[in-house]
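**Q** Could you have a look at this structure, given as C-alpha cells, before my questions?
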Amino acid sequence: MNLSNEQLLEIYEYINYARCMGERLEYFIKTGKILGAIHLPKGQEGLQAGLIMTLMDARKNGIKINTNPHTRDQALMSKLIGLQPYADEMLCKTSGINGGTSGEYHMTCVEKGFLPAQGVLGPVWGQNAGYAWALKDQGKTNEVVWGIYGDGASSRGDAWEAMNIAALFKVPMVFIVVNNGWAMANPVEKEAPVQDLSLRAQGSGMRGITVDGNDPIAVFEAMVEANKLAMGGEPNLVEFKVTRWGGHFLGDNQEVYRDTSFLKHLDEIDPVLNYHKKLLAMGLVKQEDLQRVHDEQDAIILKAYEDGMNKPAPTVAEICDPNKVYGGAY
9 MNLSNEQLLE IYEYINYARC MGERLEYFIK TGKILGAIHL PKGQEGLQAG LIMTLMDARK
69 NGIKINTNPH TRDQALMSKL IGLQPYADEM LCKTSGINGG TSGEYHMTCV EKGFLPAQGV
129 LGPVWGQNAG YAWALKDQGK TNEVVWGIYG DGASSRGDAW EAMNIAALFK VPMVFIVVNN
189 GWAMANPVEK EAPVQDLSLR AQGSGMRGIT VDGNDPIAVF EAMVEANKLA MGGEPNLVEF
249 KVTRWGGHFL GDNQEVYRDT SFLKHLDEID PVLNYHKKLL AMGLVKQEDL QRVHDEQDAI
309 ILKAYEDGMN KPAPTVAEIC DPNKVYGGAY
C-alpha cells in the first residue's frame, strides 16, 4: 500500500496526539483531577496512531468500526466517541459519554461503535464474537468488530472459545493481540510457549500475523487488510508487538519485577521520534515540526479537559440510578 503524503502527515498528528494524551493523563492523575488506576500508553503511540488512522480511513469509506478498547487505548477511545465526551467522562461530568458515571474502564456508546467492556477482560472476546455474529445475521456488510486484548488476556479459555466460534460462523471480526511483553507483572515467556502469539489463530483455522506495533504505517496496512478479510467472511488475528515503558498502571513499581535498563535507551525505540525521523528523511517535515505538532495536539487535549472541569458532576441519585446500574450503562 502506497500512502500519500497527506496520509503520512495525518498519521504524524495522530502519533503526537497519542503521546500528548498519555502525558496529560499522567499530569491530571498526579494533580488529582482524574481518579483511578490509569494504564498509560507511553511507548505504544505507534500502535495507537495506526489504529486511529484505520478508524478514520474506515469512516471515509463508509465502514463502521465496533470495538471496546481498554488499557492504553485512550487516544483511540477519544477518537471513537469524540474528545470532549471522552474528557468529560474521565472527569466524571454529566456531559460525559455516560453521564460521568462510568469512568475509563466502563465507558460505552454502542451507537458510535464503543461496545461495552467489563472488569474481567477475557470474556469480552466472546461478547465481541457474539456482536459480530449478530451483524452478520442482520446482513450488515459495512461493519467490523475489533476485539483488542493484551498478551495475558489472550491466554484465557474464553479467548480460544471466541476464536473458534468466530471462525466456525465466519463472523466479521478482527482479533487484536497487543503484545507488550507483560501481563501486569508476568513476562510473556511465562504466559505462552510460543514466541509469536499470532500462531494461536491456526488452531481455529484463521489467519494470524505478527506486526511491528511501533510502526504506525505497518499497523495501518495490516488493519486495512484485516478489516477487508473479516468483512469478507474471514475473521483473523493480528498481533502487534510493542514495548511497555512504564508499570502496569501509573504508580506500579515495575523495577521490582523487571529489568528497566532499557529506559536509558528510549530514543532508540521511541515510536514518535522514529516516525519523525522517517518523515524527516522523506522531506515531509522539518526538525522543528516535532515540537510544533506536539504542542498543537497538546493544546487540543488540554482545552477539552479544561472545558470539562467547569461542567457539573452527577448527583448521588444519578450515579445510583437502578436503570443505569442494572440496565447496562456501567
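Everything in the sequence shown is counted per this note's numbering, starting at 9 for the first residue and increasing by one.
Ideal Cβ placement from N, Cα and C applies to all residues, glycine included.
These numbers were taken from a predicted model, which means no experiment stands behind them.
(1) Check whether the Cβ atoms of LYS41 and LYS319 sit closer than 8 Å, and answer yes or no.
(2) In whole angstroms, give me the CA-to-CA distance for VAL186 and LEU298.
(3) How would you write the range of the alpha helix (DSSP H) that GLY30 sits in, first residue to last?
(4) In the DSSP assignment, find the unbroken alpha helix (DSSP H) run with LEU5 in it and report its ends.
(5) Would you mind working out which of GLY240, CYS328, ALA140 and PHE248 sits nearest SER162, comparing C-alpha positions?
(6) Taking its Cβ as the centre, do 16 or more other Cβ atoms sit within 10 Å of SER212, making it buried, or is it exposed?
(7) So, THR109 versus ILE327, is the Cβ gap smaller than 8 Å?
(8) Please go through the same chain and pick out, in chain order, the residues whose beta-carbon is closer than 6 Å to the beta-carbon of GLN52, but skip the five residues on each side of it.
(9) Considering only residues of the same chain and omitting the five flanking positions on each side of GLY70, which have a CB-CB separation below 7 Å?
(10) Within a Cβ cutoff of 7 Å, which residues of the same chain sit near ALA57, ignoring the five residues on either side of it in sequence?
(11) Hey, could you find the ends of the alpha helix (DSSP H) TRP339 is sitting in?
(12) When burial is assigned at 16 or more other CB atoms within 10 Å of the CB, is HIS273 buried or exposed?
(13) So, helix, strand or coil for THR62, using DSSP?
(14) Can you list, in chain order, the residues of its chain whose CB lies under 7 Å from that of THR268, leaving out five sequence neighbours each side?
(15) Over what stretch of residues does the alpha helix (DSSP H) that includes VAL118 continue unbroken?
(16) Using only CA atoms, which one of ILE184, GLU14 and ASP275 lies nearest to GLY158?
(17) Have a look at MET9 and ASP303 and give me their C-alpha separation to the nearest angstrom.
(18) Is VAL182 helix, strand or coil when you go by DSSP?
(19) May I ask you to report which of helix, strand or coil DSSP gives ARG208?
(20) Can you tell which of MET115, ASP166 and GLY111 has its C-alpha closest to the C-alpha of ASN136?
(21) In or out: VAL301 buried (at least 16 other Cβ within 10 Å) or exposed?
(22) Helix, strand or coil for GLY155 per DSSP?
**A** Quick look at the numbers:
(1) Working through the sequence shown from its first residue, we reach residue 41 at position 33. Working through the sequence shown from its first residue, we reach residue 319 at position 311. For the pair LYS41 and LYS319, the CB atoms are not nearer than the 8 Å cut-off.
(2) The residue given as residue 186 occupies position 178 in the sequence shown. The residue given as residue 298 occupies position 290 in the sequence shown. Going by the C-alpha atoms only, they are around 26 Å apart.
(3) The residue given as residue 30 occupies position 22 in the sequence shown. Start and end: 13 to 38.
(4) Since the displayed the chain opens at 9 and closes at 338, residue 5 lies outside it and no answer follows.
(5) As a first step, residue 162 is located in the sequence shown; it is residue number 154 there, counting from the start. Considering only alpha carbons, the answer is PHE248.
(6) Locating residue 212 in the sequence shown gives position 204, counting from the first residue. When all chains shown are included, SER212 counts as buried.
(7) The count along the sequence shown starts at 1 and reaches residue 109 at position 101. The count along the sequence shown starts at 1 and reaches residue 327 at position 319. Between THR109 and ILE327, the gap from beta carbon to beta carbon is short of 8 Å.
(8) Working through the sequence shown from its first residue, we reach residue 52 at position 44. Only ARG80 and VAL250 meet the Cβ criterion.
(9) Within the sequence shown, residue 70 is the residue found at index 62, counting from 1. Correct list, in chain order: ASN150.
(10) Taking the sequence shown and counting its residues from 1, the one referred to as residue 57 is at position 49. Same-chain partners within the cutoff: ILE19, TYR22, ILE23, ALA26 and PRO224.
(11) This structure cannot speak to residue 339, because the chain is shown only from 9 to 338.
(12) For this step, residue 273 is matched to residue 265 along the sequence shown. So HIS273 ends up on the exposed side.
(13) For the purposes of this step, residue 62 is identified with residue 54 of the sequence shown, where counting begins at 1. The answer is helix: DSSP assigns THR62 an H, G or I state.
(14) Counting from 1 along the sequence shown, the entry for residue 268 is found at position 260. Hits under 7 Å: GLN262.
(15) Residue numbering aside, residue 118 sits at position 110 when the sequence shown is read from its first letter. Note, VAL118: premise wrong, no alpha helix (DSSP H); not H, not E.
(16) Within the sequence shown, the letter at position 150 stands for residue 158. Closest in alpha carbon position to GLY158, among ILE184, GLU14 and ASP275, is ILE184.
(17) Taking the first residue of the sequence shown as position 1, residue 9 is located at position 1. Taking the first residue of the sequence shown as position 1, residue 303 is located at position 295. Straight across, the Cα-Cα distance linking MET9 with ASP303 is about 30 Å.
(18) Stepping through the sequence shown from its first residue, residue 182 is reached at position 174. Note: VAL182 maps to strand in three-state DSSP.
(19) Sequence index remark: in the sequence shown, residue 208 carries index 200 (1-based). Residue state, collapsed to three classes: helix.
(20) Looking up residue 136 in the sequence shown gives position 128. The shortest C-alpha separation from ASN136 is found at ASP166.
(21) As a first step, residue 301 must be located in the sequence shown, where it is residue number 293. Result: buried.
(22) Locating residue 155 in the sequence shown gives position 147, counting from the first residue. If DSSP states are grouped into helix, strand and coil, GLY155 belongs with the strands.
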